[in-house]
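In our numbering, the protein residues as written are 653 to 1066.
Ideal Cβ placement from N, Cα and C applies to all residues, glycine included.
One structure below.
Right, here's the structure in full:
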C-alpha cells in the first residue's frame, strides 16, 4: 500500500513539474517595444560657442617695445582716446635728441661753407642712408602685417592709414637721405650748390625728427572707441610687436556667437543655416535658435583639450535670444549644427539591429510572437538608422535583441 502511495505521489510531482515547464515555456516575456511611425532623423554635431559683441575693435601696438604702463583690466569701461597702455619710448627719445644735435651741428657747419665736405660728413651721411634703408625695411614688414590684418577685418581703417603714413614717410626719408649723399659726392667745390646741400641735409634731419616724433606719439596706445575692455592678453613688462593683438574694445549691445568647427565639417555648414543654441543655467538648459551669418574662408590652427593641433574654421552665428534673456560677453554655450536631415522615414536605434545571414535584422512582434525580420538600412546618425526595407508603419519591434529567453515564436507581452 505504501508503495502505491509513493508511485502516485511521484506521478503527481512529475505532472506538476511538466505543467510548470510548459507554463514557463508558453508564458509571454516582457520586452521594451517600439511602434514604427514616420519621423525625422538628422545628422548633427555640437561645438562650443562663445558670446561676443557684434561690434568690437581690436587694439594693436604699431611699435615694438616693452609695456611700461598698463592702465586697464578686463571688463573696464573706457572712453574714446583714453590711455590704455604705454610702450617704452626711451630709445626713440634718445634718437630724437641725436637728430636735434646733428641739426645744430649742421648749422655750425654751414657757417664754414667755403670748406670742402669732410670725409666724416660723407661717412655720417652714408650711415644715415643705411639707417633710413633699415627703417624702411622694418616699416614695410610691419605694414604688410597690418595690411593682412586689415584685409581680415582685424584692424581699423585708422590703424591701416597710420601704417600707410608711416611707410610713405619712411620712403620719403630715404629719398631725402640719398639725395643729400648724392650732393655730398657731387660737391667738388665747397661753394658749388652749398645752399642746396645744407638745405637738403637740414630737411632730411627734420623729416627724421618728424618720423621719430610720430613713433613716440604711437607709444601711447589709446582707446579707439567707447566700450569695454575684453580679451586682455598683456601685462606690464611684456614685450609687444606690431600685428600682435593686445586686447579688444567691445562696443554696442548686440551679440554674436563664435564657434570653431573642424575643417572636415565646414563644407556642410553654409551661411543662412539654422542652428540650435543651448546654454546651461543653474542646471537648466535654455534652448533657442540662431542663423549662421558667416563662415570664415580660411582655417586656423588651434590646440585641442588633449593638446593636439587641429585645423578649424570660425563660424559666426546670429542668435535669436528669448524675450528678456540677458547675455554676457565671453559666456559659453553649445552650438548644434544639423548637416543632414531626412523627413518621414522609419528609423530605429542602432542597438536594435544584429547581424543576420549576409545582412542585418531585428526582432519584430507579429501576432504576439517574436519573429526575426531581415531589413535594409540607409541614412544614419550617431544613434539611429533609417530602415529602407523590411518594416512598415505600425510594426512593433523589440529594442533589446539580447533579451533573455528571446527566440522565434516566443510570445511577447504587449
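Rounded separation between residue i and residue j - CA only
i            : j            : result
residue 729  : residue 985  : 25 Å
residue 840  : residue 774  : Low confidence applies to residue 840: its pLDDT is 46, below 50, so where it sits in the model is not reliable, and the reading given next is rough at best. Computed Cα separation, rounded: 13 Å.
residue 676  : residue 957  : Here residue 676 scores only 49 on pLDDT, less than 50, and its place in the model should not be relied on; the value that follows carries that caveat. Whole-angstrom Cα-Cα distance: 54 Å.
residue 992  : residue 924  : 15 Å
residue 1051 : residue 686  : 7 Å
residue 942  : residue 883  : 24 Å
residue 691  : residue 1047 : 14 Å
residue 715  : residue 978  : 39 Å
residue 1067 : residue 904  : Summary: the structure shown does not reach residue 1067, with the chain confined to residues 653 through 1066, and so no result is reported for it.
residue 804  : residue 735  : 26 Å
residue 800  : residue 886  : 22 Å
residue 1020 : residue 1058 : 13 Å
residue 862  : residue 796  : 22 Å
residue 910  : residue 877  : 22 Å
residue 998  : residue 1033 : 13 Å
residue 1004 : residue 807  : 55 Å
Residue i - DSSP class collapsed to helix/strand/coil
i            : result
residue 1088 : Any property of residue 1088 remains undetermined from this structure, which presents the chain solely from 653 to 1066.
residue 1054 : coil
residue 715  : coil
residue 1019 : coil
residue 699  : strand
residue 623  : Outside the shown range of the chain (653 to 1066) lies residue 623, about which nothing can therefore be said.
residue 1014 : strand
residue 1074 : Any answer about residue 1074 is impossible in this case: the structure gives the chain only from 653 up to 1066.
residue 651  : Outside the shown range of the chain, which is 653 to 1066, sits residue 651, and nothing can be said about it.
residue 795  : helix
residue 858  : helix
residue 728  : coil
residue 754  : helix
residue 890  : coil
residue 790  : helix
residue 915  : helix
residue 1029 : strand
residue 965  : strand
residue 934  : coil
residue 1041 : strand
residue 921  : coil
residue 675  : Here the model assigns residue 675 a pLDDT of 46, short of 50, so the residue's position is not dependable and the matter cannot be decided.
residue 950  : strand
residue 957  : coil
residue 808  : coil
residue 830  : helix
residue 906  : strand
residue 1138 : Shown here, the chain extends from 653 to 1066; a query on residue 1138 therefore has no answer.
Bridge partners - residue i, DSSP secondary structure assignment
i            : result
residue 942  : 927 and 971
residue 853  : Residue 853 is not bridged to any residue.
residue 738  : 721 and 872
residue 1065 : 682
residue 897  : 712
residue 814  : Per DSSP, none; premise fails for residue 814.
residue 989  : 697 and 927
residue 1007 : 1012
Residue environment, residue i, which counts as buried when at least 16 other CB atoms sit within 10 Å
i            : result
residue 709  : buried
residue 902  : buried
residue 1066 : exposed
residue 680  : exposed
residue 996  : exposed
residue 798  : buried
residue 900  : buried
residue 817  : exposed
residue 673  : Bear in mind that the predicted position of residue 673 carries a pLDDT of just 48, short of 50, making it unreliable; the figure below should be weighed with that in mind. That one is exposed.
residue 971  : buried
residue 844  : Note on residue 844: pLDDT 49, under 50, position unreliable in the model; no value is reported.
residue 848  : exposed
residue 1016 : buried
residue 1027 : buried
residue 895  : buried
Candidates the options, of which the one nearest residue i by Cα
i            : options                  : result
residue 1037 : 916, 937 and 1001        : 1001
residue 856  : 784, 838 and 794         : 784
residue 937  : 950, 943 and 928         : 928
residue 702  : 1064, 1054, 1021 and 987 : 987
residue 931  : 959, 966, 974 and 949    : 974
residue 738  : 753, 721 and 745         : 721
residue 1011 : 1030, 935 and 1064       : 1030
residue 1053 : 1024, 781, 1028 and 1040 : 1024
residue 916  : 835, 891 and 966         : 966
residue 850  : 964, 777, 698 and 1028   : 777
residue 809  : 868, 726 and 711         : 711
residue 815  : 791, 1018, 1016 and 834  : 791
residue 1018 : 858, 1062, 998 and 999   : 1062
residue 755  : 877, 719, 999 and 858    : 858
residue 1067 : 741, 834, 944 and 807    : This structure cannot speak to residue 1067, because the chain is shown only from 653 to 1066.
residue 693  : 707, 1039, 831 and 952   : 1039
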